Every structure is written in C-alpha cells, then in structure tokens.
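Following: one structure in structure tokens, then a few remarks.
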DNA sequence: TGGTTGATGTCAGTTACTGTCATAGGCAGT
DNA sequence: ACTGCCTATGACAGTAACTGACATCAACCA
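So, in structure tokens, the structure goes:
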C-alpha cells in the first residue's frame, strides 16, 4: 500500500465526468474536480494538460489498437479495405462500454471546446493511420485520403451507434457505413 | 468621418497575424494585439470571441460561397459531384490570395490550439454542406458522407496548393484530389 | 438644444494554467 | 537503525484569457 490513495488519475477522470454531467463543462472548475477526487488543482494539471484532456485519455489506446489492427490486415487488401478492417477491429474496444460512451458523448456534444478537442484527436488518428499506410507502401495522396475516409466512417458510425435503440454492434454499423461511403463516391 | 479610426476589426486582424508571425501565437498577448491596432483589450473581445477567432473571420464567407455554389449545381449531378462542383467553385475565393493563405497557414500549423479551431470550422462547413444536401433530397448517411468527403478533399487539396511550387490552380488540384478519392474508395 | 445612440474605455473579478519550492512517506544501501 | 534519495503531492504566487458593469463622448436627430 502506497502513501497515497491509489489511482489518482482514474479518480480525477471519474470526478470530472460526474461534475461535467451534473453542472456542465463550463460551470465546473478544476478546483472542484480536484476536491472531489481528494487532490489539489495543481495535481490535476500534473495528470492532464488542460481541463478538456481529462475526457480523452482513451484516445491513445484507440490509436494503438487501430495501428496494430492495420498492421495485421492482409497485405492483399486495398488501402481502403485495410483501413476498414482496422476500424472494424478497433470497434471491439467500445462494444461493452456503450453506456459510458453515451454519457461521455453527451457531455462533449454540449460544449464547443470539447468538440474541438475531439476533432483534433480524430485528426491525430487519421495522421497515424496515414503513417501506417505509408509503411504499407501506399503513397500520397492515396494514403492520406484512405486514412481520412477511415476516420470519417469511424466517427459517423460511432455517432449512429450511440444514438440507435436496437442492438447492432458498432462493428456492423461501421461496415455498413463504409459500404455506403463506397456507393456515395461511386456517384450513386 | 466617424469619431474613431475606421475598420477596427480589420486593424485587429492585421495586427494579430503580424504579431503571431513575429513572436508566435502563444507568446502574443491580446493586449499587444489591441495596442498595435490602437485599441484596448476589451474592444478586441467585442469583435472576436477569443484569441484564436481573429484568424478565422473568412470561414463565414467560405461557407456562404460553398452553400450557394451547391445550390447552383445542376440537380442531375450525383451528390458527390455536386459537392465537388461546390468546392471547386469556392476555390475561386483563394486563387488570388495564396500569399496571405500561406502566411496564415504557417501560423496555424505551428500551434495546436489553432489547428483545433481550424478543424472545428471545417466540421461546421461539413455540417452546412450536409444540410444543403438534405435540401437537395439526399438522405443520410449519404448526405453526411458526401459532405465529409467534400471537406476532406478541400482540406487536402488546399494543403497541397499551399505547399506546391508550380502554378496549378487550387480548383485543378481539388478536381484531381476528388478523382484520386474516387479511385481510393473503389479499392484501387 | 438636449436627449439618444453606439463604439470604445476603464476597472474589477474569475479561472485556467505555470513555475518553483516545500513536504513527507517509502525504499535502498550500508 | 541511520542516511540519503525518490516521487507523488501540496502550497503559493504569478500571468493572461475572458467577462460583466458602468463610464465616456462625439455624432446624429427630434
């Protein structure tokens, strides 16, 4: 047993989400979050670069899984389908956490600053996918475009999964969304 | 002649870009911008919601042109091609301002907060395009996907236009980029 | 002529975020 | 057991973005 209560980071994340849901992001101060977590404001900023970042710690994990899944995709697949396989595989990370995802997304959708942060995280994902495609031998602008398509499919499918009532899996919705994208770009 | 020097807004924009270029975005204070423009900090915040927004006043104009151009596109065009025609038409806004665009983009590319703002402006463009496609009778997710593809093409083509040395027009690059996107999604 | 208006100034306040140093419990080596 | 180091946290002061309330004052207008 350490000197301090364990999992300071997780306690801060939990307190932040709870307070953002109770009073809204803008109305919550970092001091309040820290207090609920039994820490000080200064410690909050040792774990998170800013007040928004506390909602986005999962972004790194998602990126790792995406890149790893893209590495595992058979090299016979066209870039767009390799990316499709990667986002579908990464969907696994969320299937059992729809409830948490919904709560978190509800907070984000209420605040413009949080939407900015979410978008930049998605842009970072696209950039990482692009790099991975380069390593696969895909040149630009194809790599860049395929990566962007993948992230767009991910985002739109995720949004539909969050809002739907029935029980299609995120992976299913992503596959449908990619097929729809292929139809759209084919001019249908 | 009014009581005050005219074009306070334009003076603030000019001073801000100059200072962001000279010392960087983070190292520039709003008070410095206001002083160079012959105004006070408080007045800066009457014109711009925050320190970043001063670089994005053109976003509204771009959005209007995009929507208007999409309205003008023949209804025989498939959604993706109507969007393509719109972004190509909107390129006109930039052709004579590559120098300004380069300076501005150099500032943005050096700062993460500004990139966040740029991404959210592009997201707003996509949302406006999606609405316009709905008015054209396009349903979701096709409308949403076509809009996102259009914005992605716009962004990637814009980046290439900024960085290229030769003199292809932005509109040409956008057309090429859209064609490339069609190839990529066709699995080539 | 006197009241109204609208862009700007002044000023105080909140809060996000940073730099710096202090504290204190645990651990390793002797 | 003593010593010193390590590391997570606290304490505290400081900067600057942003906001709200009120003052000013030249132009315009009835």
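Chains as they are written, first to last, in this note's numbering: chain A, 103 to 290; chain B, 103 to 290. Built from N, CA and C at the ideal position, the CB exists for glycine as well. These numbers were taken from a predicted model, which means no experiment stands behind them.
Query: N- and C-terminal bounds of the alpha helix (DSSP H) containing residue 249(A); Result: 244 to 265
Query: Backbone CA spacing between residue 295(B) and residue 240(B) [nearest angstrom]; Result: As displayed, chain B neither begins before 103 nor continues past 290, which places residue 295(B) out of reach and without an answer.
Query: With 16 other Cβ atoms within 10 Å as the buried cut-off, status of residue 184(B); Result: buried
Query: Boundaries of the alpha helix (DSSP H) in which residue 137(A) is found, first to last residue; Result: 132 to 138
Query: Interfacial residues, the region 238 to 249 of chain A to chain B, with Cβ spacing under 8 Å; Result: 243, 244, 246, 247 and 248
Query: Separation of residue 121(B) from residue 130(B), as counted between CA atoms; Result: 6 Å
Query: The alpha helix (DSSP H) enclosing residue 124(A), as first and last residue numbers; Result: 110 to 125
Query: Residue 222(B): contacting residues in chain A (beta-carbon distance under 8 Å); Result: 214, 217, 218 and 221
Query: Classification of residue 290(B) by the beta-carbon crowding that lies within 10 angstroms, buried from 16 upward; Result: exposed
Query: Where the alpha helix (DSSP H) through residue 173(A) begins and ends; Result: 160 to 174
Query: Amino acids of chain A, ordered along the chain, whose beta-carbon sits closer than 7 Å to that of residue 271(B); Result: None at all; the shortest Cβ gap to chain A is about 17 Å.
Query: Rounded distance between the beta-carbons of residue 216(B) and residue 210(B), thought under 8 Å; Result: 4 Å
Query: Residues of the region 248 to 268 of chain A whose Cβ lies closer than 7 Å to any Cβ of chain B, in chain order; Result: 248, 250, 251, 254 and 258
Query: Residue 288(A) at chain B interface by Cβ criterion, 9 Å; Result: yes
Query: Residue span of the alpha helix (DSSP H) that contains residue 47(A), given as start and end; Result: Because chain A in this structure spans residues 103 to 290, residue 47(A) falls outside the shown range and cannot be described.
Query: Cα-Cα separation, residue 114(A) to residue 238(B); Result: 47 Å
Query: Residues that residue 282(A) contacts on chain B, provided the C-beta gap is smaller than 8 Å; Result: 243, 244 and 247
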